[in-house]
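Taking our numbering, the leading residue of the sequence shown gets 26, the next gets one more, and so forth.
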Amino acid sequence: MSVDLLEKNLATSQTIQEFKNKSLGIIPNEDLIAFSETIEKFQSIYHELVVQPNISTLEVDMLPIFLFPQLKRQYYVN
Numbered sequence: 026m027s028v029d030l031l032e033k034n035l036a037t038s039q040t041i042q043e044f045k046n047k048s049l050g051i052i053p054n055e056d057l058i059a060f061s062e063t064i065e066k067f068q069s070i071y072h073e074l075v076v077q078p079n080i081s082t083l084e085v086d087m088l089p090i091f092l093f094p095q096l097k098r099q100y101y102v103n
């Protein structure tokens, strides 16, 4: 259960600090700090090896996520 919550918080957070704030109390603070520091250390490597080579695919895949709130709002406003 706590792994699922941590994964959700990681996926929905814009920053590592936001992830830490959302995840307080799910696992012991020492573990959360160590995990957050590990993520922080690998962030640039992940960006270089995964994000940069796949940026165009990621942008296309993310487009519906960004458009949905606008379409939903337009549907209910009109």
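Note that CB positions come from ideal geometry on N, CA and C, so glycine has one too.
Note that the C-beta distance between residue 30 and residue 44 is not below 8 Å. Residue range 27-37 is occupied by the alpha helix (DSSP H) that includes residue 35. Bounds of any alpha helix (DSSP H) do not take in residue 52, whose DSSP letter is neither H nor E. For residue 81 against residue 52, the beta-carbon gap comes to about 36 Å, at or over 8 Å, which does not count as contact.
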